[in-house]
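Top to bottom, those sequences are chains A and B. Taken in order, the first sequence gives residues 0 to 295; the numbers are from numbering that gives the first Met the number 0. Taken in order, the second sequence gives residues 0 to 545; the numbers are from numbering that gives the first Met the number 0. Using N, Cα and C, we set each Cβ at its ideal position, and we do this for glycine too.
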Amino acid sequence: MNRRLKRTGTGLLAGLSLWLASWSAPAGQGGLDTAWQEVGYLNYKKSASLFEKAAKQSEPGSDAWIEATLGLAACLQHRQPDLQQDKERAAELYDRLIEIGAGKPVLPLALMLRARLADQLDYYGDQVDPKTALVCYDRIIAECPDSPLIHPAALFRAQVLINSMDKTKASGAIDWLRQWQAKYPANPLTSMQQMLIAKAYKYPLQQPEKAATAYVAAEEMGLPQGVVVDNYYWRVANLAQQAGDTKTAIRYYERIITEVKRTGFAYEAQLRLKALGVTPPPLFNPFAADNQEGSK
Amino acid sequence: MTLRKFFQTYVGVAILLASIIYAMVRVAYNEATYKAPDVTTIRICHWQLEAGFRDALQELIDEYEQLHLKRTGKKIRVMQLPVSERGYSQFVNTGLIGGTAPDIIEKGFAKGATDPAYTARFFSPLGQYLDEPNPYNAGTPLEGVPWKDTFFDGLQAAYDRQLLDHYYVPFSMFTVRIYYNRDLYRQILGTDRTPASYQEFLDVCQRIREHGQSKGLPIVPVAGSKYQGDLFRRRYETPFLFELISQTDDDFTGSVDAMESYLAYRQGRWSFESPRFMAAWKCMLEVSKNFQDGWLAAQRDDAVFLFVQSRAVMTASGSWDAPSIKKQVAGQFEVGVFDFPMPTDHPEYSKFVAGPATEASIKGGIPWAICRQSRRQELCVDFLRFCTTRAKNESFNQSITWLPVVLGAKLTPDLEPFRPRIEGFVGDFQTDISTPVKMITEGNRWSVLSDRMTPEQYAVKAKEVYERTGAEGFQEKLVKDGRNNRNLERILASQLLLQHIGAPDPNGRRDEKIGQLLLAIQEFGHKVAVRQAQFEALQKETERKP
């Protein structure tokens, strides 16, 4: 009886070990696929261990190693809680990828993520490192001219300078962005770059009239997806009014009422128009039964 | 063994056995009904235990099941899983983590259903479906209109600005109003006319109090608790601040958050002791004086009970309570509803109050999300589409007397007073710059409302703690905001990495998402940088002063 029990127990334990082994074993490309899937779910914690296993199993410098190391570095950068040692290790891994990445597709992304790491406060006591960030953005622009990441790099580069709140640097960033727009007039981030110029005019340069003009120009370039239109119009109208550009202010207050059908700003826009001596358009009531027919 | 002894010994076992048998029968019944080989089942869970909700939803379900059978020849069952608010979080979280979550989940309460990181993991983005027309709208004025544009707000409020997609579809919307006992009101005041102004409201309250005193009846004007107190506070305090919001909204968002108001405070642009705040708190005190004695210790339900018992003429609540209140008073008295009268023509307050807050940007409620684990994604979408045609949304909301969210869906006449008001001001003025400020101002606010502290005393306390802890609170918020920005960075990194490895992009929206993330990071980063610079400048200026 005892022997039989022992045998059954051993069998069960063996089965359990096999199951655990199969569960914990990295599954090569399958493991990487799962890791990327988890990255898609923002589950950096789980994917970090999968990338770590995949990196250990592959030849350093190989494509598989580069892929796994990039994934691991990103997971360390973004998994929570944000720990100093994770961020330092992420920086080391990015630096290694950048070192061996010349001419490889991984270079612009490794540089971009390294720059974002430097450009962010991650943990208690962390310091922003704009110098490293600027070097990385400049390298993307200089070394990877065919990468789609050059436009975000240009945007971030200007952001670093403008967000320093130094008037000279901000003016320099505006000029630099204008040159970029002239060089790449059809770049997908051109209106976003223009919006950044507008922000720089507001702060630190404190020139509301130029800020309003830049926002208007950004809209003419085509507002990017995700812009909340009534907030945008409200901002332009207020800036213009602050700068004494009544004509633009009136135009944007009117647009809030006539173009944005469901906005909390409409009533106040009407009052502002009245104060500016203009008869405002009537309010659209999206909740009135006769206004609810919908349109294509 | 005596019968008594037998009963004492075996009653526990009997109950246990009966419970087991009942559970087995129930499981077998459910299995037979919902897991029959020829039946496809989808499960939908919610916490709406209010009167009428389950019946209204069941009506939609029954119609959908029949229609589906007729159209496809296939049987389906949509199974409601109502769960109380107390257990909802555990039910949803364990289901999501364990892979046994229902197919459609009412989004809320549970971390798994609200936190953006979990939302991305556990719920399906609905953007691609919402951009397509709802096929059930064929032959109606909404035919060919993208599904999202058939909702009153184009589902703008349902758009997740962190995850950059839609993750739910709403069924209803809600507003807050004053409910009144029409019979009692008429009996005391001799009229049906509800107060059109704040002064009239106070006069009505005065007459109700006098009536109660003269007749020796325990009748109060307003049934209150902290819940109702807060509803009144929100409606009466903020309108006093709209002008201040407009003056201090430096980033033109329409609202002034705690950091923006702190900077304005340091620049000497407002103070707690200003006539504006004094008037706001005095006004709130005037209102709360009309609540029953000891209202501060009462629960929300106690106030409703007082109202239902005709011991209070009025109370305040949202439209979500309309069916429950009406059901409770059925056969006793008629319920009327009116909007909060604003002190716009008051001799003292009107210089601060130009109007109420707008309800034009109201959000849709009862948010249904589809679980990513569900194997019946398309069926779930189809069911939600069926429920959100104009006719179905109208019938659902009419039967539960809630406000519909689909364009053109009509309100029942008794819901007219709940129709959102578009005239009004936008914004909020937040002052909770630090945890001590939040705790002390919130705590003492109840003392003001219950007349245990004067507005002047409250202002002195608020000022003291605000000035003592504000700078530290500001810096903490700055760091916290910077960390919140990290969430955007996490999503951006995920999208850039997936783009880099060439991961499938089923909706073809990755570039759009990356663009939106870049924009959000730009907005956020600039805001934090501006505030930091302004704060440092103010600190330097303070240090320079002798």
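Could one say the Cβ of residue 162 of chain A lies closer than 8 Å to chain B's Cβ atoms, at least one of them? By one-based count along the first sequence, residue 162 of chain A stands at place 163. By this cut-off, residue 162 of chain A is an interface position.
Drop a sphere of 10 angstroms on the beta-carbon of residue 533 of chain B, count the other beta-carbons inside from all chains shown, and report buried for 16 or more, exposed for fewer. Here residue 533 of chain B refers to the residue found at position 534 of the second sequence. That one is buried.
Can you tell me whether residue 293 of chain B is buried or exposed, with buried defined as 16 or more other CB within 10 angstroms of its CB? Sequence index remark: in the second sequence, residue 293 of chain B carries index 294 (1-based). It counts as exposed.
What residues match up with residue 311 of chain B in a beta bridge as DSSP calls it? Taking the second sequence and counting its residues from 1, the one referred to as residue 311 of chain B is at position 312. Its beta-bridge partners are B/219.
Stretch pair the stretch 105-113 of chain B + the stretch 78-94 of chain B: three plus CB contacts closer than 8 Å: yes
Reference residue 68 of chain B, options B/309, B/123 and B/39, closest by Cα: To locate residue 68 of chain B, count along the second sequence from 1; it is residue 69. With distances taken between Cα atoms, residue 68 of chain B lies closest to B/39.
Is residue 228 of chain B near the ligand MG, with its Cβ less than 7 Å from a heavy atom? In terms of ligand content, the structure shown is empty, and the ligand MG therefore cannot be addressed.
Same chain only: Cβ atoms within 8 Å of residue 371 of chain B, ignoring 5 sequence neighbours per side: Locating residue 371 of chain B in the second sequence gives position 372, counting from the first residue. Counting only Cβ-Cβ distances below 8 Å, and skipping sequence neighbours, we find 120, 121, 122 and 123.
Can you list, in chain order, the residues of its chain whose CB lies under 6 Å from that of residue 193 of chain B, leaving out five sequence neighbours each side? The residue labelled residue 193 of chain B in the question sits at position 194 within the second sequence. Same-chain partners within the cutoff: 337.
Given 8 Å, three or more beta-carbon pairs between the stretch 285-304 of chain B and the stretch 468-479 of chain B: no
Length of the line joining the Cα atoms of residue 235 of chain B and residue 420 of chain B: Taking the first residue of the second sequence as 1, we reach residue 235 of chain B at position 236. Taking the first residue of the second sequence as 1, we reach residue 420 of chain B at position 421. So the alpha carbons of these two residues sit roughly 16 Å apart.
Amino acids of chain C, ordered along the chain, whose beta-carbon sits closer than 7 Å to that of residue 224 of chain A: Looking at the structure shown, chain C is missing, and the protein chains on hand are A and B.
Using beta carbons (cut-off 8 Å, strictly below), is residue 60 of chain A in contact with chain B? To locate residue 60 of chain A, count along the first sequence from 1; it is residue 61. Output row for residue 60 of chain A: interface = no.
Cβ of residue 264 of chain A less than 8 Å from any chain B Cβ? Your numbering for residue 264 of chain A matches position 265 in the first sequence. Yes, residue 264 of chain A counts as interfacial toward chain B.
Run through the stretch 83-131 of chain B for me and flag every whole alpha helix (DSSP H) of 4 or more residues, listed as ranges in chain order. 84-97, 110-113, 115-121 and 126-129
By Cβ distance, which residues of its chain are closer than 6 Å to residue 297 of chain B, with the 5 residues on each side in sequence left out? Position 298 of the second sequence, counted from the first residue, corresponds to residue 297 of chain B. Here the set comprises 224.
Could you name the residues of chain B that residue 108 of chain A contacts, counting a contact when the two beta carbons are closer than 9 Å? Translated into positions along the first sequence, residue 108 of chain A becomes position 109. By Cβ distance, chain B contributes 495, 496, 498 and 499.
Contained alpha helix (DSSP H) runs [length at least 4] in the stretch 41-99 of chain A, N- to C-terminal order: 43-56, 62-77 and 83-99
For residue 396 of chain B and residue 156 of chain B, what's the separation of their Cα atoms in angstroms? The count along the second sequence starts at 1 and reaches residue 396 of chain B at position 397. The count along the second sequence starts at 1 and reaches residue 156 of chain B at position 157. Cα-Cα distance, rounded: 20 Å.
Residue range of the unbroken beta strand (DSSP E) whose run includes residue 79 of chain B: Translated into positions along the second sequence, residue 79 of chain B becomes position 80. Counting along the chain, the beta strand (DSSP E) containing residue 79 of chain B begins and ends at 74-81.
Closer than 8 Å at the beta carbon, the chain A residues around residue 155 of chain B: Residue 155 of chain B sits at position 156 when you count from the first residue of the second sequence. Chain A residues near residue 155 of chain B: 227 and 261.
How big is the Cα-Cα spacing for residue 409 of chain B and residue 379 of chain B? Position 410 of the second sequence, counted from the first residue, corresponds to residue 409 of chain B. Position 380 of the second sequence, counted from the first residue, corresponds to residue 379 of chain B. Residue 409 of chain B and residue 379 of chain B: Cα-Cα distance of roughly 25 Å.
Mind checking residue 14 of chain B: buried by the 16 CB within 10 Å criterion, or exposed? Indexing the second sequence from 1 puts residue 14 of chain B at position 15. The residue is exposed, with fewer than 16 neighbouring Cβ atoms inside 10 Å.
Mind reading off the beta-carbon distance from residue 221 of chain B to residue 313 of chain B? Whole number of angstroms is fine, and I expect it under 8 Å. Taking the second sequence and counting its residues from 1, the one referred to as residue 221 of chain B is at position 222. Taking the second sequence and counting its residues from 1, the one referred to as residue 313 of chain B is at position 314. Between residue 313 of chain B and residue 221 of chain B the Cβ distance is about 5 Å, and since that is below 8 Å, they are a contact.
Assigned secondary structure, residue 172 of chain B (DSSP; H/G/I helix, E/B strand, else coil): Working through the second sequence from its first residue, we reach residue 172 of chain B at position 173. In the structure shown, residue 172 of chain B sits in a strand (DSSP, three-state: E or B).
Please list, in chain order, the chain A residues whose beta carbon lies closer than 7 Å to that of residue 340 of chain B. Walking along the second sequence from the start, residue 340 of chain B turns up at place 341. By Cβ distance, chain A contributes nothing, its closest Cβ being about 18 Å from residue 340 of chain B, past 7 Å.
Report yes or no: do the stretch 73-85 of chain A and the stretch 46-63 of chain A share at least 3 C-beta pairs separated by less than 8 Å? yes
Closest Cβ-Cβ distance between residue 203 of chain A and chain B: below 8 Å? Your numbering for residue 203 of chain A matches position 204 in the first sequence. Chain B contact via Cβ: present.
Can you tell me whether residue 145 of chain B is helix, strand or coil according to DSSP? One-based indexing of the second sequence puts residue 145 of chain B at position 146. It is a strand residue.
Give me the Cα-Cα distance between residue 24 of chain A and residue 54 of chain A, rounded to the nearest whole angstrom. Reading the first sequence from its first residue, position 25 is the one you call residue 24 of chain A. Reading the first sequence from its first residue, position 55 is the one you call residue 54 of chain A. With a pLDDT of only 43 at residue 24 of chain A, under the threshold of 50, the placement of this residue in the model should not be trusted, and no figure is reported.
Going by DSSP, what residue range makes up the beta strand (DSSP E) through residue 290 of chain B? The count along the second sequence starts at 1 and reaches residue 290 of chain B at position 291. First-last for residue 290 of chain B: undefined, no H or E at that position.
Check the Cβ-Cβ distances between residue 521 of chain B and every residue of chain A, and say whether any is below 8 Å. Here residue 521 of chain B refers to the residue found at position 522 of the second sequence. With 8 Å as the cut-off, residue 521 of chain B counts as an interface residue toward chain A.
Supposed contact pair residue 388 of chain B and residue 405 of chain B - C-beta distance, whole angstroms, cut 8 Å: Here residue 405 of chain B refers to the residue found at position 406 when the second sequence is read from its first residue. Here residue 388 of chain B refers to the residue found at position 389 when the second sequence is read from its first residue. With a Cβ gap of about 7 Å, residue 405 of chain B and residue 388 of chain B count as contacting.
Is the Cβ of residue 352 of chain B closer than 8 Å to any Cβ of chain A? Here residue 352 of chain B is taken as the residue at index 353 of the second sequence, counted from 1. With 8 Å as the cut-off, residue 352 of chain B does not count as an interface residue toward chain A.
For residue 67 of chain A, I'd like the list of residues in its chain whose CB is within less than 7 Å of its CB, leaving aside the five on either flank, ordered along the chain. Counting from one through the first sequence, the residue named residue 67 of chain A turns up at place 68. For residue 67 of chain A, where only same-chain residues beyond five positions count, the Cβ hits under 7 Å are 31, 50, 53, 54 and 57.
For residue 157 of chain A, name the three-state secondary structure that DSSP assigns. Here residue 157 of chain A refers to the residue found at position 158 when the first sequence is read from its first residue. DSSP places residue 157 of chain A in helix when its eight states are reduced to three.
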